[in-house]
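Below: the structure, in structure tokens.
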Amino acid sequence: MRTAICGGRLIDPAHRIDTLSDVFIAEGQIVGIGRPPEGFVADRMIDARRRIVCPGLIDLCARLREPGHEHKATIASETRAAAAAGITTLVCPPDTDPVIDEPAVVELIRRRAKATGKARVLALGALTHHLGGERLAEMAALKEAGCVGISDGGYPVSNTLVLRRALEYAATFDLTVFLTPLDGQLASGIAHEGPIATRMGLPGIPAAAETGALARDLELIRDMGVRVHFGRLTCARSVELIARAQADGLAVTADVAIHQLHLTELDLAGFDSRCHVRPPLRRAQDRDALRAGLVSGVITAICSDHQPHEPDAKQAPFGDTEPGISALDTLLALSLRLADDDALPLPVVLERLTCGPARILGLDYGQLQTGAVADLCVFDPALAWQATPSMWHSHGQNSPFLGWELQGQVTHTLLAGQVVYEREGRQSF
Amino acid sequence: MSNTHFQLDRQGRLLHFLTIEGLKRHHLIEILDTAESLRGVAERRVKKLPTLHGKTVVNLFFEASTRTRTTFELAAKRLSADVLTLNIATSSAVKGESLLDTLRNIEAMQCDMFVVRHEQSGAAEFIARHVKPHIAVLNAGDGRHAHPTQAMLDVFTIRRHKPAFEALQVAIVGDILHSRVARSLIHALGILGTPDIRVIAPRTLLPVDVEKLGVRVFDNPTIGLRGVDVIVMLRLQKERMAGALLPSEREFFQCYGLTEERLALAKPDAIVMHPGPINRGVEIDSRVADGPRSVILEQVTNGIAARMAIMSITLGNHARPTGEQI
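Which chain is which? The protein sequence lines are A and B, in order.
For the first sequence, our numbering begins at 3 and goes up steadily by one.
For the second sequence, our numbering begins at 99 and goes up steadily by one.
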């Protein structure tokens, strides 16, 4: 299958390219940009005029709920949703059931993803056995099985000695470690500790639950030479800590969940359980510092932190509901909104969704270059839409962004040269 | 939909009673005046009014309570309602039934009012959002969030002794962090114009940014109690020692317990209140609890009148045609 994508605004943040150009694809690869290779005859032409063509998005943290929680979502349902959202690579944390701490689970995920064929699913292996924080997981075997990194899966290791050894062991096998900076004891609450939680009577999670754990982790890895990625920061002070560590030459990177860039503790009004997330929504100044961290390059990736749920999981008093937002459907539009808000230039927004996360993974996806894998996202940046349940693709509809007026919608997604999503009735608005 | 207005209809009348926050002065005055007129009922030979005759009130207690539950029961019975009390902490919730399923089942029994107590903040509002529109929901305590009927009986008791809220100094002492009573009372006093509301507690029992609720914060009761008209002592739960919030009951009593010496710091005619049940020798000395300045038992009596008032007002507003304009 040979495909030509013609007339689009090509944005390839990896090579600082932002120009009107055509892309030519054959055998799953990009074979030409600007002009086709000799003798290229397209089987299919995609009209990308007035659209943006960029690398397929890479999401560093998406719960697909399989294996173990198929009543919430499945690899099939969520990879379809990813394709519709322009996401071609999903990184799945190890907190499945069973936990990704042995090769068989990695293999199962790979098989399920391949069967649907809508998105590339990469697994993170568990840092400790059963994510219990006590015994090391078989990291060498997990790497061999294809894990792209090792992670605490949202269950921070509280035993500092175990964590130190796990980091050293991961470094032995050149594995990037994905950590959640959160102190389990301090994080026993459900909302950001501040005036809103005080007013609402919600047990608080202080900023120090994150910054204290982060400072500890940064000290632990200071002379270790291990690559550590801190996922889903929420505090202004965390951005400062990461910036200082990077300035000191530590191999640390960070991402932020898209909801933290748009929502704050104020959104909990009315005990809206759709805004129940962990780590919690913080203050407006934290949100602004996270945005600034994206601009300055301290934070190099935006992730969805996708956590689809069945309706019952959110239908209870706030503290009895499960945390998390179903976020694949809105990842791109909410990221583009940052450019509209003048928080970030558009190419930087796209960088944080493509080559930024790719570099964290140490993979060469997320770029448009002759010879690169043809993972692409074509979207109409001007197309306005309202997020409604009827146009939602993820199996989980637990999103506080339902009802929002958004702008920017994917028209085509290509995974290794195959069109895995094409928007239907695209002129109907 | 903001939570502060959710309990009101379009004309601003109370449909539910979920939180004091966001209410207007006239809402509180209406309740206080109604409670005043209902207070006499208990002294009659026949302690009943026909106001809620034919109505069914269901007490849904997901958390143990004796005093609040029984005063709600009495209040409903004195208004001639049929009352059903369900202690769900020990029934269906244990069997794994979801809260919504429990609600649907009870709704199917044709009820008019739910009185709800639940350990989670926001539970009463959650229930109010999910019940059929003809049902009124009263919050009998949700987590640390609100206990609005307690606040109303507290300000009702205060008003009977000290009618001028705009000249009042009130100190609330003890476990503010976990207290829905404190939060609701602070809002109620603020709405009624109380210029000086103080909270007195060790820092482990103070929520972050509590001063943003409109209170002054004191670590030291010797300073904080000086010259106040009203002292509200809060109950200290035994679990607080296990949570490393306090070293011991003994030290808490030594530093914050209301003794006759500390009471002497307040105005000579100051009253002492407590939402109950009291821990003698932990937050309050028996001589103060049983002394002449204590209005603790009066609070219990007033609780029935205040709850009768709130029940009749909210159900009365439900009875009116919805399209009615003022």
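Glycine is no exception: its CB is placed at the ideal position from the N, C-alpha and C atoms.
These numbers come from a predicted model, not from an experiment.
Check whether chain B comes within 8 angstroms of residue i, counting only Cβ atoms and requiring the distance to be less than that.
i	result
E407 (chain A)	no
A317 (chain A)	According to the sequence as given, residue 317 (chain A) is Gln; it is not Ala. Yes, its Cβ sits closer than 8 angstroms to a Cβ of chain B.
G272 (chain A)	yes
E312 (chain A)	no
P435 (chain A)	No answer is possible for residue 435 (chain A): the residues shown for chain A start at 3 and end at 431.
G321 (chain A)	yes
CA-CA distance, residue i and residue j?
i	j	result
D294 (chain B)	A269 (chain B)	8 angstroms
C357 (chain A)	I301 (chain A)	13 angstroms
G239 (chain B)	N185 (chain B)	14 angstroms
L270 (chain A)	A238 (chain A)	20 angstroms
E171 (chain B)	F212 (chain B)	12 angstroms
D97 (chain A)	R293 (chain A)	28 angstroms
R142 (chain B)	P148 (chain B)	14 angstroms
D393 (chain B)	G272 (chain B)	Note on residue identity: the sequence assigns Val, not Asp, to residue 393 (chain B). In a straight line, the C-alpha of V393 (chain B) is about 18 angstroms away from that of G272 (chain B).
A128 (chain A)	I102 (chain A)	6 angstroms
H264 (chain A)	Q409 (chain A)	15 angstroms
R361 (chain A)	G419 (chain A)	21 angstroms
R391 (chain B)	A262 (chain B)	18 angstroms
A215 (chain A)	E349 (chain B)	32 angstroms
D367 (chain B)	G355 (chain B)	19 angstroms
D176 (chain A)	G368 (chain A)	22 angstroms
L338 (chain A)	T390 (chain A)	18 angstroms
Count the other CB atoms, across all protein chains shown, that sit within 10 Å of the CB of residue i; report buried if there are 16 or more and exposed otherwise.
i	result
V43 (chain A)	exposed
D252 (chain B)	buried
P231 (chain B)	exposed
V144 (chain B)	exposed
K116 (chain A)	exposed
T174 (chain A)	exposed
L321 (chain B)	Position check: residue 321 (chain B) holds Ile in this sequence, whereas Leu was assumed. Flag for I321 (chain B) reads exposed.
P246 (chain B)	buried
E212 (chain A)	buried
S392 (chain A)	exposed
S190 (chain A)	exposed
P319 (chain B)	buried
P347 (chain A)	exposed
G110 (chain B)	exposed
R284 (chain A)	buried
T81 (chain A)	buried
H308 (chain A)	buried
D344 (chain A)	exposed
S328 (chain A)	buried
M207 (chain B)	exposed
G341 (chain B)	exposed
Closer than 8 angstroms, CB to CB, is residue i near chain A or not?
i	result
R281 (chain B)	yes
L323 (chain B)	no
K146 (chain B)	no
S163 (chain B)	no
P305 (chain B)	yes
A244 (chain B)	yes
M241 (chain B)	Just to set this straight, residue 241 (chain B) is Gly in the shown sequence, not Met. Yes, G241 (chain B) lies at the interface with chain A (some Cβ there is under 8 angstroms from its Cβ).
R278 (chain B)	yes
S410 (chain B)	no
S196 (chain B)	yes
F170 (chain B)	no
Mind reading off the beta-carbon distance from residue i to residue j? Whole number of angstroms is fine, and I expect it under 8 angstroms.
i	j	result
L126 (chain A)	V150 (chain A)	7 angstroms
T91 (chain A)	I60 (chain A)	4 angstroms
V55 (chain A)	L12 (chain A)	5 angstroms
A407 (chain B)	A226 (chain B)	That pair is no contact at about 19 angstroms.
V306 (chain B)	I274 (chain B)	The pair is not a contact, with the Cβ atoms about 11 angstroms apart (cut-off 8 angstroms).
I32 (chain A)	Q371 (chain A)	6 angstroms
P105 (chain A)	L144 (chain A)	7 angstroms
I223 (chain A)	L336 (chain A)	Not a contact, Cβ separation roughly 32 angstroms.
V398 (chain B)	E358 (chain B)	Wrong, their Cβ atoms sit about 23 angstroms apart, outside the cutoff.
Mind listing which residues of the region 249-276 of chain B have their C-beta closer than 8 angstroms to chain A's C-betas, in chain order?
none
Practice item. Could you name the residues of the region 216-233 of chain B whose beta carbon sits closer than 7 angstroms to any beta carbon of chain A, in the order they occur along the chain? Key: H216, Q218, S219, G220, A221, E223 and F224
Between the region 197-221 of chain A and chain B, which residues of the former have CB atoms less than 8 angstroms from a CB of the latter, in chain order?
P197, A199, T200, R201, M202, G203, L204, P205, G206 and P208
Select from the region 288-320 of chain B all residues with a C-beta closer than 8 angstroms to any C-beta belonging to chain A, and list them in chain order.
P305, V306, D307, V308, K310 and L311
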